[in-house]
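J.: Numbering (this note's numbering), first residue to last: 53 to 117.
Listed below in structure tokens is the structure:
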């Protein structure tokens with residue numbers, strides 16, 4: 053997806069700490085933790101102002117455009 057950038061979990065944790073337990077960042081962390089519990093290796097992506105959780109694309113450059 054053009055403009056998609058993988059961001060570190062620590063950045064999402066900082067956002068969740070600032071915005072609170074009901075923020076999209078906090079929900080993304082919960083989603084990632086559930087995926088980890090299911091044996092997945094999730095990653096966080098920023099697309100514009102949108103935060104996504106999905107599979108890690110380790111063979112891709114930082115900008116997946």
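Quick reminder that beta carbons are idealized off the backbone N, C-alpha and C, glycines included.
1. Residue range of the alpha helix (DSSP H) that residue 108 falls in?
2. Helix, strand or coil for residue 65, going by three-state DSSP, please let me know.
3. Candidates 92, 109, 89 and 98: which alpha carbon is nearest residue 76's?
4. Find out if the Cβ-Cβ distance for the pair residue 96, residue 64 is shorter than 7 Å.
T.: Let's see:
1. On the chain shown, position 56 is the one that residue 108 refers to. Per DSSP, residue 108 belongs to no alpha helix (DSSP H) and is neither H nor E.
2. By one-based count along the chain shown, residue 65 stands at place 13. In the structure shown, residue 65 sits in a helix (DSSP, three-state: H, G or I).
3. Taking the chain shown and counting its residues from 1, one reaches residue 76 at position 24. Comparing Cα-Cα distances from residue 76 to each of 92, 109, 89 and 98, the minimum goes to 98.
4. Translated into the one-based positions of the chain shown, residue 96 becomes position 44. Translated into the one-based positions of the chain shown, residue 64 becomes position 12. Between residue 96 and residue 64, the CB-CB gap stays under 7 Å.
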